[in-house]
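Peer 1: The structure is given below, and queries will be raised subsequently.
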Amino acid sequence: MDDVRRDADNIERSATPRRRVREASRDIQRTAKRAKAKESGGNNLTEGDGQGSAGPSAMSATADMTMDKAEMSKVDIDEPFLYNGKPLYAKDVDLPSTYKQAQKSPFWPQWIDAMQRQLGDLVAKNTWSLILKPPKAKILPGQWRFTVKSNTRDEVYEFKARWVVCGNFQDKNDGETYAPVVAECMIKIVFTLIAVYGLRWRQVDFTAAYLNASREDVETVYMRQPTGFEYADAEGDKNQWVCTLNQALFGLRDSAFLWNEEMDCKLRQIGFHPLDDDPCVYVKGKGTELTIMMIHVDDFIIAATDEDIEKVVNELRQYYDLKDLGEPKQYLNCALHRDYDNCTITMSQEAYIQKVLRTANAGSGWKDTPLPAAWRESPANASNVLDDDSFDQYQSVVGMLNWLAVKTRPDIRFAVTRLQHRLANPTFEDLHAMQHVVKYLRHMPDVGITLGRTPELRFYAHVDASHADWEDSKSTEGSIWYFAGSPVIWTTKKQTITANSTTVAEWCALDQPTRDAMWLGKIARSFMLPEQRPIEIHTDNINSQLLLTKKGGKSANRWLDLRWFFVKDAVAQGHVDIRRVDTKKNAADGFTKALAKEQFETFVGLIGMI
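Under UniProt numbering, the first residue of the sequence shown is numbered 1, with each subsequent residue one higher.
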């Protein structure tokens with residue numbers, strides 16, 4: 001390491017222009033790598049004291065800690081971290097908010113190791129160049145963010161630290177910042193295809209994904225050195241040295257966009273193309289040679305034959321460092337269970353529900369339904385409005401419940417939507433209703449949705465509306481879309497107009513599902529599924545069905561806005577077919593009102609959650 005210190009001293013004494021300083025900084029990195037190679041074992045990353053003193057080697061000598069591109073680490077999420085000889089659970093880890101808090105944590109050895117690994121990735125990717133602070137330059141601060149990764153049993157298997165630049169201080173400009181994420185319904189559609197087709201699948205995580213995207217053609221950004229690992233000159237001044245970013249970094253406004261552009265370019269080079277209606281799903285080949293790749297930032301799922309998956313992974317490995325997670329066991333906080341014999345995949349969130357239970361502090365006991373059938377929203381007044389602590393708890397828990405309702409729990413969708421209506425000014429009655437939903441989850445924490453329940457790959461929907469809610473006379477509509485017999489889209493919302501009859505409310509409820517049908521038809525063609533036209537939409541209101549399938553209509557319904565006649569045109573052109581379903585078999589009924597126990601049990605059976 002003497003070579004490293006000697007090069008550092010040369011920089012300190014130098015009065016060269018900025019270009020030469022930048023070149024010297026790169027020389028330090030190369031020298032540090034050579035010095036590390038000469039040593040046997042050990043870790044050359046010098047820990048700072050939090051006040052700044054570590055030499056340049058602190059941001060260079062860890063480059064070799066990252067995996068070689070020719071290798072791919074295998075991560076077993078079922079191998080938990082042991083603390084005092086026992087598995088450590090995520091709920092028992094207090095995440096530090098700052099570097100100093102991490103130093104005081106009982107898990108400081110794990111946090112410092114995680115920071116070292118992160119710094120190694122940053123240096124290996126040439127994320128920045130260390131330079132003297134330019135005059136009048138805007139220097140963005142940064143911070144360490146700490147988290148743990150846990151498996152479906154909430155057991156910690158990895159400590160993670162990430163150096164994040166504070167992009168909220170970044171100047172706004174005309175550059176692109178938008179980056180897509182995979183649609184929730186598309187996740188379920190892709191998993192259904194994987195299950196029914198019997199494709200093999202593998203989950204791959206990109207190490208330090210954003211760092212692969214270059215900032216060469218975008219604005220120059222200067223950043224403070226990472227806390228605890230700063231380089232200081234001979235006088236101990238660390239503030240004169242800053243980082244100019246060469247690569248995208250977590251926290252910048254445009255990093256997600258740059259990474260998406262980088263990944264899209266590479267995937268196209270190896271033969272993939274994105275779906276027109278979801279740019280986060282890529283396909284390659286067709287028929288028995290079909291390969292599907294689904295992307296959520298740096299978390300990829302690849303589905304194909306084992307041979308084709310291995311080929312794709314090897315191609316990606318030429319450009320990026322990857323972690324092989326094997327067959328997916330969890331994805332975006334959802335546990336995945338695959339039944340190869342029955343060609344199904346089940347998504348559930350029991351670990352997350354346990355987290356909701358701890359946050360809600362709802363007491364003991366459980367409930368049979370998410371809300372009582374007689375439940376009504378109560379108007380807020382000075383005597384029943386929540387205090388600050390309860391207000392914060394209500395908003396936090398309702399947000400968590402909404403995540404469940406979107407991902408895997410359509411059975412609580414109506415209840416959560418009602419609770420969301422009260423977020424701005426919740427009452428004690430609303431708090432009790434929230435706790436009622438939580439107690440229902442305690443009763444059924446391990447259920448989820450099973451995808452691929454039938455081998456027939458076709459879409460169909462159930463639609464319903466509850467006319468004139470008591471509080472504002474607006475109607476509530478709900479719908480659920482099935483694919484291969486399993487739910488993939490479900491919604492509930494209050495209509496914006498005041499319908500003057502049940503028929504009008506039911507007709508209006510058909511508008512969004514009809515638009516969804518047009519989109520799903522395009523998705524089916526993108527995956528080269530058998531032609532499905534018309535797509536069936538089922539309603540239990542015979543009057544709305546007759547109005548849409550027959551010419552004319554009652555004069556009482558002619559006041560409807562022209563946009564609702566979009567549905568009638570779609571029927572006439574053969575895009576959709578409005579069919580009658582018995583009220584007791586209409587799965588959308590539970591998305592429009594709170595149901596009594598017997599009705600609710602029927603509803604849960606219809607949406608396939610039993």
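Don't be surprised by glycine CBs; every beta carbon is placed ideally from N, CA and C.
Does the beta-carbon distance from Thr-303 to Ile-194 come in below 8 Å?
Peer 2: For the purposes of this step, residue 303 is taken as residue 303 along the sequence shown, with counting starting at 1. For the purposes of this step, residue 194 is taken as residue 194 along the sequence shown, with counting starting at 1. The question names Thr, but residue 303 is Ala in the sequence shown. It is a contact, given that the beta carbons lie within the stated cut-off.
Peer 1: Note down the Cα distance separating Glu-289 from Met-263, rounded to an integer number of angstroms.
Peer 2: Here the question's residue 289 lines up with position 289 in the sequence shown. Here the question's residue 263 lines up with position 263 in the sequence shown. Looking at the two C-alpha atoms, the distance is approximately 22 Å.
Peer 1: Check for me: the alpha helix (DSSP H) holding Tyr-197 runs from which residue to which?
Peer 2: Position 197 of the sequence shown, counted from the start, is the residue given in the question as residue 197. It spans 184 to 197 - the alpha helix (DSSP H) in which Tyr-197 sits, taken as one unbroken run.
Peer 1: Of the choices Ala-524, Tyr-231 and Pro-370, whose alpha-carbon is the least far from that of Val-242?
Peer 2: Numbered from its first residue, the sequence shown carries residue 242 at position 242. Looking at the Cα atoms, Tyr-231 is the closest of the given residues.
Peer 1: With 16 as the cutoff for other CB atoms within 10 Å, does Lys-597 come out buried or exposed?
Peer 2: Reading the sequence shown from its first residue, position 597 is the one you call residue 597. By the neighbour-count rule (16 or more Cβ atoms within 10 Å), Lys-597 is not buried but exposed.
Peer 1: Of the choices Cys-343, Val-504 and Met-347, whose alpha-carbon is the least far from that of Asn-333?
Peer 2: Translated into the one-based positions of the sequence shown, residue 333 becomes position 333. Ranking Cys-343, Val-504 and Met-347 by Cα distance to Asn-333 puts Met-347 first.
Peer 1: Going by DSSP, what residue range makes up the alpha helix (DSSP H) through Trp-163?
Peer 2: Residue numbering aside, residue 163 sits at position 163 when the sequence shown is read from its first letter. Note, Trp-163: premise wrong, no alpha helix (DSSP H); beta strand (DSSP E) at 156 to 165.
Peer 1: For Tyr-231, name the three-state secondary structure that DSSP assigns.
Peer 2: On the sequence shown, residue 231 is found 231 positions in, with the first residue counted as 1. Three-state DSSP puts Tyr-231 in coil, outside helix and strand.
Peer 1: In terms of residue numbering, what span does the beta strand (DSSP E) encompassing Phe-300 cover?
Peer 2: What you label residue 300 is simply residue 300 of the sequence shown in a count that begins at 1. Taken as a continuous stretch (DSSP letters only), the beta strand (DSSP E) holding Phe-300 covers 299 to 304.
Peer 1: Under 8 Å, Cβ to Cβ, is there at least one residue of chain C near Phe-565?
Peer 2: Within the model displayed, chain C is absent; a lone protein chain is all it includes.
Peer 1: Locate the alpha helix (DSSP H) running through Val-356, then write down its first and last residues.
Peer 2: The residue given as residue 356 occupies position 356 in the sequence shown. From DSSP, the alpha helix (DSSP H) with Val-356 extends over 350 to 360.
Peer 1: Classify Gln-240 as buried or exposed, calling it buried when 16 or more other Cβ atoms lie within 10 Å of its own Cβ.
Peer 2: Taking the first residue of the sequence shown as 1, we reach residue 240 at position 240. Exposed, by the Cβ-count rule.
Peer 1: Helix, strand or coil: which one does DSSP assign to Phe-206?
Peer 2: On the sequence shown, residue 206 is found 206 positions in, with the first residue counted as 1. Strand at Phe-206.
Peer 1: Check the C-beta distance from residue 636 over to Tyr-331 and give it rounded, since I have them as a contact under 8 Å.
Peer 2: In this structure the chain extends from 1 to 610, so residue 636 is not present and cannot be described.
Peer 1: Work out the CA separation of Phe-566 and Met-518 for me, nearest whole Å.
Peer 2: Taking the sequence shown and counting its residues from 1, one reaches residue 518 at position 518. Taking the sequence shown and counting its residues from 1, one reaches residue 566 at position 566. So the alpha carbons of these two residues sit roughly 12 Å apart.
Peer 1: With DSSP as the reference, please indicate the residues paired to His-337 in a beta bridge.
Peer 2: Numbered from its first residue, the sequence shown carries residue 337 at position 337. Answer is Thr-346, bridged to His-337.
Peer 1: Mind checking Ala-509: buried by the 16 CB within 10 Å criterion, or exposed?
Peer 2: Your numbering for residue 509 matches position 509 in the sequence shown. By the 10 Å Cβ count, Ala-509 comes out buried.
Peer 1: How many Å lie between Ala-234 and Asp-94 at the Cα?
Peer 2: Within the sequence shown, the letter at position 234 stands for residue 234. Within the sequence shown, the letter at position 94 stands for residue 94. Cα-Cα distance, rounded: 38 Å.
Peer 1: Starting from His-296 and walking both ways along the beta strand (DSSP E), at which residues does that stretch end?
Peer 2: Here residue 296 refers to the residue found at position 296 of the sequence shown. Note, His-296: beta strand (DSSP E), 291 to 296.
Peer 1: Can you tell me whether Met-186 is buried or exposed? The criterion is at least 16 other CB atoms within 10 Å of its CB, across all chains shown.
Peer 2: Position 186 of the sequence shown, counted from the start, is the residue given in the question as residue 186. It counts as buried.
Peer 1: For Thr-450, collect the residues of the same chain with a Cβ closer than 7 Å to its Cβ; drop the 5 residues on either side in sequence, then sort them by chain order.
Peer 2: As a working mapping, residue 450 is identified with position 450 in the sequence shown. Closer than 7 Å at the Cβ level, and outside the excluded window around Thr-450, lie Thr-344, Thr-346, Ser-486 and Gly-608.
Peer 1: Helix, strand or coil: how does DSSP classify Phe-603 here?
Peer 2: In the sequence shown, the residue the question calls residue 603 occupies position 603. Helix at Phe-603.
Peer 1: How is Ile-309 classed by DSSP in three states: helix, strand or coil?
Peer 2: For the purposes of this step, residue 309 is identified with residue 309 of the sequence shown, where counting begins at 1. Reduced to three states, the DSSP call for Ile-309 is helix.
Peer 1: I need the boundaries of the beta strand (DSSP E) containing Asp-278, first residue and last residue.
Peer 2: Start at 1 with the first residue of the sequence shown, and residue 278 comes out as number 278. Unbroken beta strand (DSSP E) run through Asp-278: 278 to 284.
Peer 1: Reducing DSSP to helix, strand and coil, say where Ala-114 ends up.
Peer 2: Reading the sequence shown from its first residue, position 114 is the one you call residue 114. Helix at Ala-114.
Peer 1: Taking C-alpha atoms, which residue in Arg-453, Gln-420, Pro-379 and Ser-383 lies nearest to Tyr-394?
Peer 2: Translated into positions along the sequence shown, residue 394 becomes position 394. When each option's Cα is compared against that of Tyr-394, the closest is Gln-420.
Peer 1: For Gly-271, is the classification buried or exposed, using 16 other Cβ atoms within 10 angstroms of its Cβ as the cut-off for buried?
Peer 2: Walking along the sequence shown from the start, residue 271 turns up at place 271. Under this definition Gly-271 is an exposed residue.
Peer 1: Would Phe-146 pass as a contact of Ala-102 if the rule is Cβ separation under 8 Å?
Peer 2: Stepping through the sequence shown from its first residue, residue 146 is reached at position 146. Stepping through the sequence shown from its first residue, residue 102 is reached at position 102. Contact flag set, yes.
Peer 1: Can the beta-carbon of Asp-278 be found closer than 8 Å to that of Ala-183?
Peer 2: Here residue 278 corresponds to residue number 278 of the sequence shown, with the count starting at 1. Here residue 183 corresponds to residue number 183 of the sequence shown, with the count starting at 1. The answer is yes: Cβ separation under 8 Å.
Peer 1: Restricting to runs no shorter than 3 residues, where is the beta strand (DSSP E) found entirely within the stretch 75 to 99?
Peer 2: Listed in chain order, nothing qualifies, since the stretch 75 to 99 has no complete beta strand (DSSP E) run of 3 or more residues.
Peer 1: Out of Glu-261, Leu-595, Pro-96 and Glu-531, which one is the CA nearest neighbour of residue 611?
Peer 2: In the structure as shown, the chain begins at 1 and stops at 610. Residue 611 is therefore absent and cannot be evaluated.
Peer 1: In three-state terms, what does DSSP make of Ile-131?
Peer 2: In the sequence shown, the residue the question calls residue 131 occupies position 131. Ile-131 falls in the strand class under three-state DSSP.
Peer 1: Among residues of its own chain, excluding the 5 on either side of Thr-305, which ones have a beta-carbon nearer than 7 Å to its beta-carbon?
Peer 2: Along the sequence shown, one-based indexing puts residue 305 at 305. Answer for Thr-305: Arg-200, listed in chain order.
Peer 1: Roughly how many angstroms separate the alpha carbons of Asn-151 and Pro-534, rounded to a whole number?
Peer 2: The residue labelled residue 151 in the question sits at position 151 within the sequence shown. The residue labelled residue 534 in the question sits at position 534 within the sequence shown. Those two C-alpha atoms are separated by around 42 Å.
Peer 1: From Asp-113 to Leu-82, what distance separates their C-alpha atoms?
Peer 2: Counting from one through the sequence shown, the residue named residue 113 turns up at place 113. Counting from one through the sequence shown, the residue named residue 82 turns up at place 82. Using only the alpha carbons, I get a separation of about 16 Å.
Peer 1: Do Thr-514 and Ile-537 have their CB atoms nearer than 8 Å?
Peer 2: Along the sequence shown, one-based indexing puts residue 514 at 514. Along the sequence shown, one-based indexing puts residue 537 at 537. In contact: Thr-514 and Ile-537 (Cβ atoms closer than 8 Å).
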